[in-house]
Amino acid sequence: MPSTRDIRNRIKSLKGTQQITKAMKMVAAAKVKRAQERVLATRPYAQKLKEIFQSVAHKMAEEDLHEPLLEQREVKNVGFLILTADKGLCGGYNSNMLRFAVQEMSDVSAAGQTPKAWLVGNKAITFFRRGEVESLGRYSHLPPVPTYTEAEMLVEAVTTAFIEKKVDKVVLLYTHFSSMLSYQPTAMELLPIVPPEDLPQVKGDYIYEPDPLTLLQSVLPRYVGRQIYRALLESAASELAARMTAMDAATKNADDLLADLTMLYNKVRQAYITKEILEVVGGAEALSQ
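For the sequence shown, numbering that gives the first Met the number 0 begins at 0 and goes up steadily by one.
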């Protein structure tokens with residue numbers, strides 16, 4: 000049976016750990032709210048950008064114009080942009096994404112194509128450190144709530160690789176944020192950009208200044224950037240929600256352990272007191288004889 004000192008030390012250590020998990024939960028809760036707000040704030044701009052893209056794509060289809068980011072060719076190399084976290088302690092967030100990424104790349108390999116990857120987050124970098132997949136770039140230490148600057152950096156990397164034909168398709172793997180308790184790994188084809196088959200009829204007669212091709216060359220990188228930025232924000236929100244849930248569970252588990260240890264401490268202490276009383280009584284009886 001452990002001594003009361005050992006149990007007290009365990010209780011003290013557990014209380015310290017519980018304070019840390021509570022603090023991490025509170026920090027994650029504050030940050031996830033900011034991430035949610037940014038996701039919502041980007042939607043109007045993304046919708047308007049989509050409308051502009053569809054309008055210009057409609058004009059290009061009429062004039063039979065071509066742009067590199069729209070080029071569809073035989074797929075030999077597929078580049079995966081994999082978004083993970085730098086840190087752990089967020090439940091199954093990272094492991095679910097990495098397992099999903101491995102499955103996606105296995106499907107590509109089974110189709111006779113070569114998977115390559117841009118690895119975002121220390122967890123992805125560490126997971127693929129043995130060279131299981133050719134790395135096109137490694138990125139870590141992004142802000143907890145990413146900014147558009149990080150998205151621009153990734154846009155430059157993926158569009159350059161696609162235009163230079165290092166990859167023939169780019170697939171974005173991120174965690175889609177639905178709610179605080181619902182987030183799941185998701186794959187989205189990023190490049191080539193495929194205009195909708197049924198382009199909406201453009202209302203009115205627009206004058207494009209400059210010409211449609213120049214306008215599209217400006218819009219497309221922004222369109223790609225907005226998709227990546229949204230994925231970064233959703234992944235960040237999912238990570239923070241997962242961490243908040245994990246830390247909440249850890250705090251509750253600590254409460255249960257503290258209750259068990261406190262009960263054990265009281266039992267051990269009671270046993271020691273009973274033993275001492277018996278020894279005193281026994282000694283007194285021995286002296287009285």
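Think of the CB as a built atom: it goes at the ideal place given N, C-alpha and C, for glycine as much as any other residue.
Have a look at residue i and residue j and give me their C-alpha separation to the nearest angstrom.
i	j	result
Ser-287	Gln-269	27 Å
Leu-39	Met-179	14 Å
Leu-97	Leu-153	19 Å
Ala-236	Leu-172	15 Å
Glu-70	Ile-192	8 Å
Ser-181	Leu-277	59 Å
Phe-126	Leu-215	38 Å
Val-166	His-65	19 Å
Val-55	Leu-232	27 Å
Tyr-92	Lys-14	26 Å
Thr-20	Arg-229	29 Å
Arg-72	Met-187	18 Å
Arg-129	Ser-12	37 Å
Thr-213	Lys-164	22 Å
For residue i versus residue j, is the C-beta spacing smaller than 8 Å?
i	j	result
Val-31	Met-243	yes
Gly-90	Ala-150	no
Ala-248	Leu-88	no
Ala-116	Leu-135	yes
Leu-239	Ala-45	no
Leu-189	Val-218	no
Ser-139	Ile-124	yes
Thr-16	Ala-241	no
Near residue i, which residues of its chain fall below 6 Å by C-beta distance, leaving aside the five closest residues on each side in sequence?
i	result
Ile-162	Pro-67
Lys-168	Val-74 and Val-77
Leu-141	Glu-149
Glu-36	none
Phe-99	Pro-184
Check residue i in the structure and name its three-state DSSP category.
i	result
Thr-174	strand
Val-119	strand
Lys-30	helix
Gly-130	coil
Just to check my reading of the structure: residue i and residue j have Cβ atoms closer than 8 Å, yes? What is that Cβ distance to the nearest angstrom?
i	j	result
Thr-83	Lys-122	4 Å
Arg-41	Val-267	Checking the sequence shown, residue 41 turns out to be Thr, not Arg. Contact flag wrong, Cβ pair sits at about 58 Å.
Val-119	Ile-81	6 Å
Pro-114	Thr-158	With 8 Å as the limit, Pro-114 and Thr-158 do not qualify as a contact, their Cβ atoms being about 19 Å apart.
Thr-261	Ile-10	7 Å
Thr-250	Lys-24	6 Å
Tyr-222	Phe-52	5 Å
Val-144	Ala-34	5 Å
Ile-6	Leu-263	6 Å
Sorry if obvious, but does the Cβ on residue i come closer than 7 Å to a heavy atom of the ligand FMN?
i	result
Gly-90	With respect to small molecules bound, the structure shown includes none, and the ligand FMN cannot be examined in it.
Enumerate in chain order the residues of its own chain whose CB-to-CB distance from residue i is below 7 Å, with the five nearest sequence positions on each side excluded.
i	result
His-175	Tyr-182, Gln-183, Thr-185 and Glu-233
Take residue i and list the residues in its own chain whose beta-carbon comes closer than 8 Å to its own, dropping the five residues that flank it on each side.
i	result
Asp-85	Gly-120, Asn-121, Lys-122, Ser-139, His-140 and Leu-141
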